[in-house]
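So the structure is just underneath, and the comments pick up after that.
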Amino acid sequence: MNLSKSDINKISEISKIIKQSKTFFIAGHIKPDGDSIGSALALASVLNRRGKKACVYSVDEIPKFVKFLKGSNKIKKAVKKTDKFDCAIILESVNFSRTGGIITPSQTKKIINIDHHLTYTDFGNVNYIVPSSSSTAELVLNIFEYMKIKLLKHEAECLYTGIITDTGRFQQVNTTPNSHIASAKLMECGVDVNKVYKEIYEKGSINALKLQGLALYGIKTILNNKVSYILLTKDIFKKTSTSEGDSEGVVNYTLRIDGVIVGCVFKEVDGKTTKVSFRSIRNFDLLKVVREFGGGGHKNAAGCTINAGIKEAVKIVEDVLRKKLKIK
Ligand code: 5GP
Ligand code: MN
Numbered sequence: 000m001n002l003s004k005s006d007i008n009k010i011s012e013i014s015k016i017i018k019q020s021k022t023f024f025i026a027g028h029i030k031p032d033g034d035s036i037g038s039a040l041a042l043a044s045v046l047n048r049r050g051k052k053a054c055v056y057s058v059d060e061i062p063k064f065v066k067f068l069k070g071s072n073k074i075k076k077a078v079k080k081t082d083k084f085d086c087a088i089i090l091e092s093v094n095f096s097r098t099g100g101i102i103t104p105s106q107t108k109k110i111i112n113i114d115h116h117l118t119y120t121d122f123g124n125v126n127y128i129v130p131s132s133s134s135t136a137e138l139v140l141n142i143f144e145y146m147k148i149k150l151l152k153h154e155a156e157c158l159y160t161g162i163i164t165d166t167g168r169f170q171q172v173n174t175t176p177n178s179h180i181a182s183a184k185l186m187e188c189g190v191d192v193n194k195v196y197k198e199i200y201e202k203g204s205i206n207a208l209k210l211q212g213l214a215l216y217g218i219k220t221i222l223n224n225k226v227s228y229i230l231l232t233k234d235i236f237k238k239t240s241t242s243e244g245d246s247e248g249v250v251n252y253t254l255r256i257d258g259v260i261v262g263c264v265f266k267e268v269d270g271k272t273t274k275v276s277f278r279s280i281r282n283f284d285l286l287k288v289v290r291e292f293g294g295g296g297h298k299n300a301a302g303c304t305i306n307a308g309i310k311e312a313v314k315i316v317e318d319v320l321r322k323k324l325k326i327k
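Structure follows, in structure tokens:
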């Protein structure tokens, strides 16, 4: 890949810190996705192979579809307050606390911040941020290439998982030539693309499928059919004996309706809290919407948490979208 001078400098800094450090804390954001877990596991495996002590952490349960990745069963939830690390590698996080407060910055000597989100802050000693990259996995691959590290098959599968999940199987607008080039390189390391695809997208319980069916059956459009939304209430999960992870990907159906510009999924957390996931077509910038609620993400895929019950959250979002879409 063609790296800018500034990126090469950052990668070189990262390489130096990695060489100097012995113990590593690696974490992505709360409610981790395929890219944060895949990138973190690949880093941990490579570092452990180089004689370092590296472990991946996640406060939240990891999604079911990444459990086939080697090392996913070794992910830890917490550390002791007295534990110290030479280096924390933080992925995909707008700030240090988006990792869920597993450690405080004072528990690590160095912080490496790697991200591809448009919303970011320079909280690390090195901040390798490339919003034009479709995934963090591609950035991690750049680091490995710079360090001349040859990947094992299972490490390549971790990064490949990051790329396919963050590009929506190479279909989303964030997909770049490099998403494919990086994937080709990973295939050369032995990735079984059919196996990975099946593990991520074509595996699940009958109840998970029923949950998605029920959720889809309730889909509604508002604002002159320019916005669609799906409600994931506690009741829907109860009826189908499912949990949050089983609803993975349902948001991607919201844009299938002709004329829809923004699709939303409202997930009832409790009576006063609702998690909202947004998807939009090309020109509609979701960051302008989620910023009003302290959320983040990308132009066409973003999210936030609203301090309101699910019904009220729909109204609140509708009002904001009405203004942004200039609908009377
Ligand atoms: P999803 O809808 O798949 O949960 O998230 C889409 C994108 O928005 C992801 O890149 C995710 O990291 C980001 N995102 C979702 N919710 C939040 C949030 O509450 N805060 C921030 N900063 N980013 C979020
Ligand atoms: Mn990502």
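For the sequence shown, position 189 (counting from the first letter as 1) is numbered 188 according to numbering that gives the first Met the number 0, and the numbering increases by one without interruption.
We treat Cβ as the ideally placed atom computed from N, Cα and C, and that holds for glycine.
As the structure is a computational prediction, the values presented were derived from the model and not from experiment.
Pair within 9 angstroms by beta-carbon distance, residue i and residue j
{"i": "residue 285", "j": "residue 298", "result": "yes"}
{"i": "residue 320", "j": "residue 226", "result": "yes"}
{"i": "residue 316", "j": "residue 230", "result": "no"}
{"i": "residue 272", "j": "residue 263", "result": "no"}
{"i": "residue 36", "j": "residue 74", "result": "yes"}
{"i": "residue 83", "j": "residue 118", "result": "no"}
{"i": "residue 261", "j": "residue 277", "result": "yes"}
{"i": "residue 209", "j": "residue 241", "result": "yes"}
{"i": "residue 136", "j": "residue 102", "result": "no"}
{"i": "residue 228", "j": "residue 265", "result": "yes"}
Residue i, DSSP secondary structure in three states
{"i": "residue 95", "result": "helix"}
{"i": "residue 246", "result": "helix"}
{"i": "residue 75", "result": "strand"}
{"i": "residue 126", "result": "strand"}
{"i": "residue 56", "result": "strand"}
{"i": "residue 235", "result": "helix"}
Endpoints, the beta strand (DSSP E) within which residue i is located
{"i": "residue 84", "result": "84-90"}
{"i": "residue 375", "result": "Because residue 375 is not part of the residues shown, which for the chain are 0 to 327, the question remains open."}
{"i": "residue 107", "result": "107-114"}
{"i": "residue 136", "result": "Careful: residue 136 lies outside any beta strand (DSSP E), inside the alpha helix (DSSP H) at 135-145."}
{"i": "residue 281", "result": "Where residue 281 is concerned, there is no enclosing beta strand (DSSP E), given that its DSSP letter is neither H nor E."}
{"i": "residue 231", "result": "226-231"}
Cβ neighbours of residue i in the same chain (closer than 8 angstroms, five flanking residues each side left out)
{"i": "residue 179", "result": "169"}
{"i": "residue 59", "result": "29, 30, 31 and 99"}
Boundaries of the alpha helix (DSSP H) in which residue i is found, first to last residue
{"i": "residue 239", "result": "That residue, residue 239, is in no alpha helix (DSSP H); it is neither H nor E in DSSP."}
{"i": "residue 286", "result": "286-289"}
{"i": "residue 33", "result": "33-48"}
{"i": "residue 311", "result": "309-323"}
{"i": "residue 269", "result": "From DSSP, residue 269 is part of no alpha helix (DSSP H) but of the beta strand (DSSP E) over 261-269."}
{"i": "residue 13", "result": "4-19"}
Cβ shell of residue i (< 7 angstroms), same chain only, five flanking positions each side left out
{"i": "residue 143", "result": "45 and 150"}
{"i": "residue 198", "result": "64 and 67"}
Sequence-distant residues of the same chain with beta carbon closer than 6 angstroms to residue i, five excluded per side
{"i": "residue 190", "result": "155, 156 and 159"}
{"i": "residue 125", "result": "9, 12, 13 and 111"}
{"i": "residue 330", "result": "Outside the modelled stretch of the chain, which goes from 0 to 327, sits residue 330, for which no answer is possible."}
Which runs of the alpha helix (DSSP H) at least 4 residues long sit entirely within the region 149-224? Give them in chain order.
For the region 149-224, whole alpha helix (DSSP H) runs of length 4 or above, ordered along the chain, are 152-165, 176-187, 192-200 and 205-216.
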